[in-house]
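Engineer: Line order of the protein sequences matches chains A and B. Note that the first sequence ends on residue 163 in our numbering; no numbers are left out. Note that the second sequence ends on residue 163 in our numbering; no numbers are left out. Glycine residues also receive a C-beta, built at the ideal position from the N, C-alpha and C atoms. Source: prediction; values computed, not measured.
There are 2 protein chains.
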Amino acid sequence: MRPDEEPDADRLVRLVELLFFAYRDFTSDPDQMLSAIGFGRAHHRVLHFVARNPGLCVADLLSILTITKQSLARVLKQLVDEGYILQQRNEQDRRERLLFPTEKGRSLATSLARPQLERISRALAAAGPGGELHAERFLFSMLNADEQVQVARIVRRQVGARQGPEDGA
Amino acid sequence: MRPDEEPDADRLVRLVELLFFAYRDFTSDPDQMLSAIGFGRAHHRVLHFVARNPGLCVADLLSILTITKQSLARVLKQLVDEGYILQQRNEQDRRERLLFPTEKGRSLATSLARPQLERISRALAAAGPGGELHAERFLFSMLNADEQVQVARIVRRQVGARQGPEDGA
DNA sequence: CAAATAAGTCAACATGACTGACATAACTCT
DNA sequence: AGAGTTATGTCAGTCATGTTGACTTATTTG
């Protein structure tokens, strides 16, 4: 009975530590690729969410990342200047600048994602059958309760994705 | 058959994003407490591993955290100066300085850990029966293969814990 | 037209990582 | 005993990424 069931204190501490080490390794591959092109982890985050949600506006991005306008501006400007992201006025509300990945941006986003997806795929396989659901529910339930609804929206059907230029449009 | 079994691309991307949001929230409670006393996340890490492994030496700590001596020195000095950590020469090898948490240090470590342990405990409960093992294996398998052995050692029976002063000793 | 909103900008600052060089003490080996 | 290695600490400088608060401009909305 109950071979390893109840989450004792030891297990919880172990999970705290594993989460630290796991997250560190999880970010290590893209970090290396990024530094080779003079970017950092912040660029990755911005590019990822723009690639996942083509046509979101700056305010949406700020609310996803929960960083300040200034922090975003620094990296966003570089991504735009170097041709990874395209800004386009929203004609319905010309105050908004909608963000789209260029082909170059999509390609970088894909490259950065690959090792992370592979790592997670490996980890799920190692977790064993049924691990996918447990891992997903575990991570989701780690969120602050008052953020779960918003994150659920972001994570499944991506935020207010509008129509936009298919690059050269 | 196979209701949600195979890790499709969507699920993997979802897990990438969940890991980002989960880790951010996971660190948010201690971060807040720390900033109230003028410390940062780096202090937390050092204090945590010292409290978990009383009597480890600086080199051990560096290899656990994989940061540079300089980065460690900065926060370690503060933790020592403010009475959270005690340094004690190893009499078997007087080059080494063994690190011990003081009562004050243990107390802070406990306070910082509480919200994280609670969060993980909640998340395990939400993951459902059997989730503990899956979560643990999932996180462990996220590690770089060549680090798994070392981390396993760190996470279960804590590194070379030597005998040491029980505070005022 | 006034007020609110979206975005961008400036200046200044804090944290925590990095590098490379160097000093000191203590241990180890021949 | 002396040479080389190891453990620690320190100096000086850099970088990435976060913060604050104030302000401008363009645009939409009431």
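Anything in chain A within Cβ reach of H128/B, meaning under 8 Å, just list it in chain order.
Structural biologist: Within 8 Å Cβ-Cβ: A121, G122, G124, G125, H128, A129 and F132.
Engineer: Check whether the Cβ of I114/A lies closer than 7 Å to any Cβ atom in chain B.
Structural biologist: Judged by the 7 Å Cβ criterion, I114/A is in contact with chain B.
Engineer: Quick one, which of Q81/A, K98/A, E97/A and T96/A has its alpha-carbon nearest E90/A's?
Structural biologist: Comparing Cα-Cα distances from E90/A to each of Q81/A, K98/A, E97/A and T96/A, the minimum goes to Q81/A.
Engineer: Considering Cα atoms alone, identify which of A117/A, V143/A, A103/A and G122/A is closest to L28/A.
Structural biologist: Considering only alpha carbons, the answer is A103/A.
Engineer: Note down, in chain order, each residue of its chain lying with its Cβ closer than 6 Å to the Cβ of E76/B, except the 5 sequence neighbours on either side.
Structural biologist: Excluding sequence neighbours, E76/B sits near nothing in its chain.
Engineer: With DSSP collapsed to three states, give me the class of D2/A.
Structural biologist: Coil, per DSSP.
Engineer: Could you give the distance in angstroms between the alpha-carbon of S105/B and the alpha-carbon of P123/A?
Structural biologist: If I take the Cα positions, the gap works out to 36 Å.
Engineer: Assign G135/B to buried or exposed, taking buried as 16 or more other Cβ atoms, counted over all protein chains shown, within 10 Å of its Cβ.
Structural biologist: Correcting the residue type first, residue 135/B is Ser in the shown sequence and not Gly. Label assigned to S135/B: buried.
Engineer: Taking DSSP as the reference, what is the three-state secondary structure of I79/A?
Structural biologist: In this structure, I79/A counts as strand in the three-state DSSP scheme.
Engineer: Which of the three DSSP states, helix, strand or coil, is assigned to R88/A?
Structural biologist: If DSSP states are grouped into helix, strand and coil, R88/A belongs with coil.
Engineer: Does V143/A come out as helix, strand or coil in the three-state DSSP assignment?
Structural biologist: V143/A: helix per DSSP, three-state reduction.
Engineer: Is there contact here, the region 61 to 72 of chain A with the region 25 to 45 of chain A, by at least three beta-carbon pairs under 8 Å?
Structural biologist: Yes: at least three Cβ pairs fall under 8 Å.
Engineer: Specify the secondary structure class of P95/A as computed by DSSP and reduced to three states.
Structural biologist: Looking at P95/A - three-state DSSP - the assignment turns out to be strand.
Engineer: When you compare the CB of D19/A with every CB in chain B, is at least one pair closer than 7 Å?
Structural biologist: For D19/A, the answer is yes, since a Cβ of chain B falls inside 7 Å of its Cβ.
Engineer: Counting contacts by CB-CB distance shorter than 7 Å, is R83/B in contact with chain A?
Structural biologist: Closer than 7 Å: no.
Engineer: In chain A, which residues lie less than 7 Å from F15/B when you measure between Cβ atoms?
Structural biologist: Simply L137 and V145.
Engineer: Mind pulling the chain A residues with CB within less than 9 Å of I148/B?
Structural biologist: E11 and F15, listed in chain order.
Engineer: State the CB to CB distance for the pair A129/B and F132/A, rounded to an integer number of angstroms; the pair is presumed to be in contact (CB under 8 Å).
Structural biologist: At roughly 5 Å, the Cβ-Cβ gap stays under 8 Å, so A129/B and F132/A are in contact.
Engineer: Examine the Cβ distances between the region 49 to 62 of chain A and the region 91 to 99 of chain A and report whether three or more of them are shorter than 8 Å.
Structural biologist: Verdict: yes, contact present.
Engineer: In whole angstroms, give me the CA-to-CA distance for A121/A and P95/A.
Structural biologist: Computed Cα separation, rounded: 34 Å.
Engineer: Could you tell me the alpha carbon to alpha carbon distance between A36/A and G34/B, rounded to whole angstroms?
Structural biologist: If you take the alpha carbons of A36/A and G34/B, they lie about 19 Å apart.
Engineer: For L56/B, report the span of its alpha helix (DSSP H) as first-last.
Structural biologist: From DSSP, the alpha helix (DSSP H) with L56/B extends over V52 to L59.
Engineer: Can you list, in chain order, the residues of its chain with a C-beta nearer than 6 Å to that of V44/A? Leave out the 5 residues immediately preceding and following it.
Structural biologist: I79, L93 and P95, listed in sequence order.
Engineer: If distances are taken between C-alpha atoms only, which option among R151/B, S22/B, G32/B and E11/B comes closest to L73/B?
Structural biologist: Nearest of R151/B, S22/B, G32/B and E11/B to L73/B, Cα basis: G32/B.
Engineer: Taking the alpha-carbon positions, what's the V143/B to Q86/A distance?
Structural biologist: Near 56 Å, if we compare the C-alpha coordinates of Q86/A and V143/B.
Engineer: Does the beta carbon of A36/B sit closer than 7 Å to a beta carbon anywhere in chain A?
Structural biologist: Not one chain A Cβ lies under 7 Å of A36/B.
Engineer: With distances taken between CB atoms, is the gap from L137/B to V149/B smaller than 7 Å?
Structural biologist: In this structure, V149/B does not lie closer than 7 Å to L137/B by Cβ.
Engineer: Determine the direct distance from the alpha carbon of A30/A to that of P24/B, and round the result to whole angstroms.
Structural biologist: Computed Cα separation, rounded: 33 Å.
Engineer: Ends of the alpha helix (DSSP H) at F132/B?
Structural biologist: G125 to S135 is the extent of the alpha helix (DSSP H) around F132/B.
Engineer: Starting from F43/A, trace the alpha helix (DSSP H) in both directions and tell me its first and last residue.
Structural biologist: R35 to R46 is the span of the alpha helix (DSSP H), which, as asked, contains F43/A.
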